[in-house]
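Working notes, structure below.
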Amino acid sequence: MLSELTIKEFLKKVASDSPAPGGGSVAALSAALAASLTEMVANLTIGKKSYDDVGDEMKAVAQGALRLKNDLILTIDSDSNAYDDVMAAIKLPGNSEEEKYLKEQKIQRGLKHAVTVPLDVAEYAIQVMELAGKAVKKGNKNTVTDGAVAVMMARTAVLSAIYNIKINLKAIKNKAFIDKTSKRVKELETEALNREHELLLNIDL
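Last residue of the sequence shown: 205 (the UniProt record's numbering), numbering continuous.
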């Protein structure tokens, strides 16, 4: 599994001549790192006397960030697997009409999965941004830059995942699926950019 590789091994894998893991898995990792930083900021706030009034809220932030981190770790592999499934479907024989039909059905299913995974990443990353925002606003002031990096990493994950969604939507033939997904993508993109702008404005260095 990609998530079980060392940092050096993962980087080597990404840099290889294999198309997977690629941008999708890297986007998922970016969001997982953002969740980890958010959890760290919360943990460095919990138990500090000067932050007693936000202790319970920071515990909730830490728990939420941990849950999202674990979800995102799974998507690092899911994204790469989704790509492999599409490639496997494309390589299926298509000589007879039945083979062509079955091949196209598998390709379309694979493409939808290849859209669903990065959409999950974007949804998780937006939630990370929300938690990171709370950590930046109310957490230990000595970790404000760590919280800021979490916000920016999560935003990058959202926008990166969206690019992967858009490229795969181009080959999908189900208009209802395209319309529904495209609508949500626009919402996520706007929300990510607005959240980042709002949160970083509150950081005074």
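Even glycine gets a Cβ: it sits at the ideal position worked out from N, Cα and C.
Query raised in the report: Excluding five sequence neighbours on each side, which residues of the same chain lie with their C-beta closer than 6 Å to the C-beta of A34?
Result: Within the sequence shown, the letter at position 34 stands for residue 34. Cβ within range, chain order: V128, A150, M153 and A154.
Query - Among L29, T143 and K106, the one whose alpha carbon lies nearest that of V121 - result: On the sequence shown, position 121 is the one that residue 121 refers to. In this structure, L29 is the residue among L29, T143 and K106 with its C-alpha nearest to the C-alpha of V121.
**Report entry** Whole-Å CB distance - G60 paired with E39, under 8 Å assumed
**Finding:** Counting from one through the sequence shown, the residue named residue 60 turns up at place 60. Counting from one through the sequence shown, the residue named residue 39 turns up at place 39. The sequence shown places Ala at residue 60, not Gly. Going by Cβ atoms, the distance from A60 to E39 rounds to 11 Å, so no, they are not a contact pair.
Requested in this report: Could you check which residue in A82, D77, V41 and D79 has the C-alpha nearest to that of L66?
Outcome: Translated into the one-based positions of the sequence shown, residue 66 becomes position 66. Nearest option by C-alpha distance: V41.
Report task. State the CB to CB distance for the pair T143 and L68, rounded to an integer number of angstroms; the pair is presumed to be in contact (CB under 8 Å). Result -> Start at 1 with the first residue of the sequence shown, and residue 143 comes out as number 143. Start at 1 with the first residue of the sequence shown, and residue 68 comes out as number 68. Wrong, their Cβ atoms sit about 18 Å apart, outside the cutoff.
Query raised in the report: Nearest CA to the CA of S3: which residue from K91, T190, L72 and K48?
Result: For this step, residue 3 is matched to residue 3 along the sequence shown. Per the Cα distances, L72.
Report task. Please go through the same chain and pick out, in chain order, the residues whose beta-carbon is closer than 6 Å to the beta-carbon of L92, but skip the five residues on each side of it. Result -> Position 92 of the sequence shown, counting from 1, holds the residue named residue 92. K103.
Query raised in the report: When the distance is taken between beta carbons, is I165 closer than 7 Å to V117?
Result: Taking the sequence shown and counting its residues from 1, one reaches residue 117 at position 117. Taking the sequence shown and counting its residues from 1, one reaches residue 165 at position 165. For V117 and I165, no; Cβs fall outside 7 Å.
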